[in-house]
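Below: one structure, written as structure tokens.
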Amino acid sequence: MAFVAALSLLTSLPASATHDDLARTRSDLRATRARLASVVADDQAVLAVLNEVTAKLQTHQATLNAAQAELAKINLQIKAEERRLAALAARRRARQAVIDARVRAMYISGPTNGIMPVGTDQSLDVYLGRAGVLEYVAQFDQQLLEDVAMLRHESLKAAEALRRQRDVAAKKRDEIAERVELVRELVATQHAAHEKLSSRIQGFRSEIEALEREQSRIEAIIRQRSTLGSVTTGGSSSYGFAWPIRGLITSPYGPRWGGVHTGMDIDCRTGDPIGASKAGRVIEAGWGGGYGNMVIIDHGGGYATLYAHMSRLYVGGGTSVSQHQKVGACGTTGNSTGDHLHFEIRVNGQHRDPRPYLP
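Put into structure tokens, the structure is as follows:
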């Protein structure tokens, strides 16, 4: 009975439910792949896609595991039903063999209908005893026939239940096949997202390592060429700094993927103009190794700003610049993961998080 209830529950589920679920997931997967293909500048966005795909994969892998476990249970029930059907068939054959033997015996003895002639050598008691035996035999034969009919009926029911079980198993196998294919697609997308993120992380680490190799030289330039004095206040922020270019921050200041990012990366397109964050004097303009084409501006009071990876430089060393004056153009020179501006604010030569200094 428990199996029949479970079977009716399975068959009562709408056939389209699983297919709709798979179709929705495949549609989401196509959208995720499109997003992954379009994400080229923001490693956080790639990480978000990877986490999303991983969550979907875990969900559908769990569903697949449950479906496979359910199919295993159905297969066990099918085997049990097959054994029951075989046992019923064996009982039917045994009863039929008895009936066949009785029919042969009755055919050989002839149609007496239980009536035995009473002769002078037989008493009435013997006759009555014989009649009782024949009545018992008739009842026994009737019971055999009823047993055979019952067994035939039970066999038909078992065969129908077996057919339903096999239908459910076939549908479950089809669902599992679709789930397996979907899980494969999710794994492939997860792998692509992981590869893209790994590539970005490796590129970022390479850039950080290259920038770190330049740190001593940058600090020496600022120490040797900067002017100390009162800090200029006012302007675009309480520190007097403005954004050198408008764009998304694709990589903020601070620890990142096993390194330390000494500034912030601001998304821009090659050739976009970059302005001085604050008025000051250019103390370095030229090739900066991993920084590519860079400009360093001294603002007095121990403050300096650095602009890196530029495609062109518009100022030279010793030039005085006003706030927002063009100092270069966005690019991807040096060790860079793509066109962007690497922007630093330094205090007494030491890098600081630029964000609190900006409006």
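For the sequence shown, the residue numbers in the working numbering are 932 to 1290.
In this text, a Cβ means the ideal position worked out from N, Cα and C, and glycines have one as well.
- Item | Which of helix, strand or coil DSSP assigns to A997 | DSSP places A997 in helix when its eight states are reduced to three.
- Query: K1209 by DSSP, collapsed to three states: which one?
  - Reply: In the three-state reduction of the DSSP assignment, K1209 falls in the coil class, being assigned neither a helical nor a strand state.
- Task: State yes or no: is the C-beta of Q1008 nearer than 7 Å to some heavy atom of the ligand ADP?
- Result: Among the components of this structure there are no ligands whatsoever, and the ligand ADP is therefore not found.
- Task: Give the single residue among S1242, V984 and G1194 whose Cα lies nearest to the Cα of P1287.
- Result: Nearest C-alpha to P1287: G1194.
- Supposed contact pair L1142 and Y1222 - C-beta distance, whole angstroms, cut 8 Å: The pair is a contact, with the Cβ atoms about 6 Å apart (cut-off 8 Å).
- Query: Exposed or buried, L1128, counting other C-beta atoms within 10 Å across all chains shown (16 or more means buried)?
  - Reply: Under the 10 Å beta carbon count, L1128 is surrounded by 16 or more other beta carbons and is classified as buried.
- Take every Cβ of the stretch 1171 to 1179, pair it with every Cβ of the stretch 1240 to 1253, and state whether three or more of those distances are shorter than 8 Å. For the pair of segments examined, the stretch 1171 to 1179 was found not to touch the stretch 1240 to 1253: the number of CB pairs separated by less than 8 Å stays below three.
- Query: Tell me the DSSP bridge mates of V1278?
  - Reply: Paired residue(s): Y1234 and Q1281.
- Query: What residues in its chain sit with their C-beta under 6 Å from that of S1242, if we drop five residues either side in the sequence?
  - Reply: Taken in chain order, the residues that qualify are T1201, A1260 and G1262.
- Three-state secondary structure (DSSP) at D1105? DSSP places D1105 in helix when its eight states are reduced to three.
- Task: Look up I1149 in the DSSP assignment and say whether it is helix, strand or coil.
- Result: Judged by DSSP in its simplified three-state form, I1149 adopts helix.
- Host beta strand (DSSP E) of S1182 (start-end): Counting along the chain, the beta strand (DSSP E) containing S1182 begins and ends at I1180 to S1182.
- Query: I1180 to D1196, Cα distance in whole Å?
  - Reply: Computed Cα separation, rounded: 6 Å.
- With which residues is V1252 paired in a DSSP beta bridge? DSSP, once it has assigned bridges, lists G1211 as partnering V1252.
- How would you label T990, buried or exposed, when you count the other beta carbons within 10 angstroms and need 16 or more for buried? Exposed, by the Cβ-count rule.
- Task: Can you check DSSP and say which residues form a bridge with A1123?
- Result: The partner list for A1123 (beta bridge, DSSP) is empty, contrary to what the question assumes.
- Message: Tell me the residue span of the beta strand (DSSP E) that contains A1260.
- Response: Judged by DSSP secondary structure, A1260 falls within the beta strand (DSSP E) whose first and last residues are K1257 to A1260.
- State the beta-bridge partners of R1185 as determined by DSSP. Reading off the sequence, residue 1185 comes out as Gly, not Arg. In the DSSP output, where bridge partners are listed per residue, G1185 has H1192.
- Inspect the beta-carbon positions of A998 and K1103 and report whether they are closer than 8 Å. Between A998 and K1103, the C-beta gap is smaller than 8 Å, which places the two residues in contact.
- Message: Run through the DSSP bridge pairs and tell me what R1243 is partnered with.
- Response: Under DSSP, R1243 shares a beta bridge with A1260.
- Secondary structure at N1266, three-state DSSP: helix, strand or coil? Annotated three-state conformation of N1266 is coil, per DSSP.
- Task: With distances taken Cα to Cα, identify the nearest neighbour of A1151 among I1214, T994 and L1016.
- Result: Among I1214, T994 and L1016, the Cα nearest to that of A1151 is on I1214.
- Task: Pair every Cβ in the stretch 1085 to 1100 with every Cβ in the stretch 997 to 1017, then say whether three or more of these pairs are closer than 8 Å.
- Result: Yes: the two stretches touch, three or more of their Cβ pairs being nearer than 8 Å.
- Message: Rounding to the nearest angstrom, what Cα-Cα distance links A1025 and A1090 in this structure?
- Response: So the two alpha carbons sit approximately 19 Å from each other.
- Anyone know if the C-beta pair for N1224 and E1138 falls short of 8 Å? At least 8 Å separates the beta-carbon of N1224 from that of E1138.
- Query: Do the CB positions of V1111 and Q992 come within less than 8 Å of each other?
  - Reply: With respect to Q992, V1111 sits apart: the two C-beta atoms are not nearer than 8 Å.
- Query: From this set, K1088, A1003 and R1156, which residue's C-alpha is nearest I1227's C-alpha?
  - Reply: I1227 has its Cα closest to that of R1156, out of K1088, A1003 and R1156.
- Message: Measuring straight from C-alpha to C-alpha, what distance separates G1206 and R1154?
- Response: So the alpha carbons of these two residues sit roughly 23 Å apart.
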